[in-house]
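Going by my numbering, the sequence shown opens with residue 671, and the numbers climb by one from there. Each residue gets a CB set at the ideal place from its N, CA and C atoms; glycine is no exception. This report refers to the structure that appears directly beneath it.
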Amino acid sequence: MVRNVGTLDRTVRLALGTLFVIGGVGSYAGLFSLGFGPVPAALGAAFVAAVGVILLVTGFRRTCPLYLPFGIDTSDDRN
C-alpha cells in the first residue's frame with residue numbers, strides 16, 4: 671500500500687492510540703467508567719480500546735484507508 675501518513679500524523683496516532691488502549695483497558699478493569707446513558711461500561715471500554723488499536727495499526731503501517739477516497743496525503747515523501 672501507498673504510504674499516506676506523515677511523521678506528525680503518525681506521532682499523534684501512536685500517542686493517542688496508546689492512550690486510548692490504556693484507557694479502554696483501565697475502564698474495563700474498573701478503574702473508571704466509560705459508560706454513559708444506556709451504553710454499558712464494558713461496551714464503552716471495548717469501543718475506546720478498538721479505536722486505539724486502529725490508531726496504532728494505521729500509525730505503524732503509515733497508511734490510512736480513510737485517506738484514500740478523499741485524496742488526503744500527509745506523508746513526507748509526496749511526489
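Contact with chain C by residue i, beta-carbon distance below 8 angstroms
{"i": "Phe706", "result": "Absent from the structure: chain C. Only one protein chain is present."}
Nearest candidate by alpha-carbon position, reference residue i, set the options
{"i": "Gly705", "options": "Ala715, Ser745 and Thr681", "result": "Ala715"}
{"i": "Val721", "options": "Val675, Leu701, Leu738 and Val695", "result": "Val695"}
{"i": "Asp746", "options": "Ala711, Arg732 and Leu738", "result": "Arg732"}
{"i": "Gly700", "options": "Gly707, Ala712 and Pro708", "result": "Ala712"}
* To do: Determine, using beta-carbon pairs with one atom in the segment 688 to 706 and one in the segment 722 to 735, whether at least three such pairs fall under 8 angstroms.
  => yes
* Asked: Can you list the alpha helix (DSSP H) stretches of 4 or more residues lying completely in the segment 675 to 735, in chain order?
  -> 677 to 698 and 711 to 731
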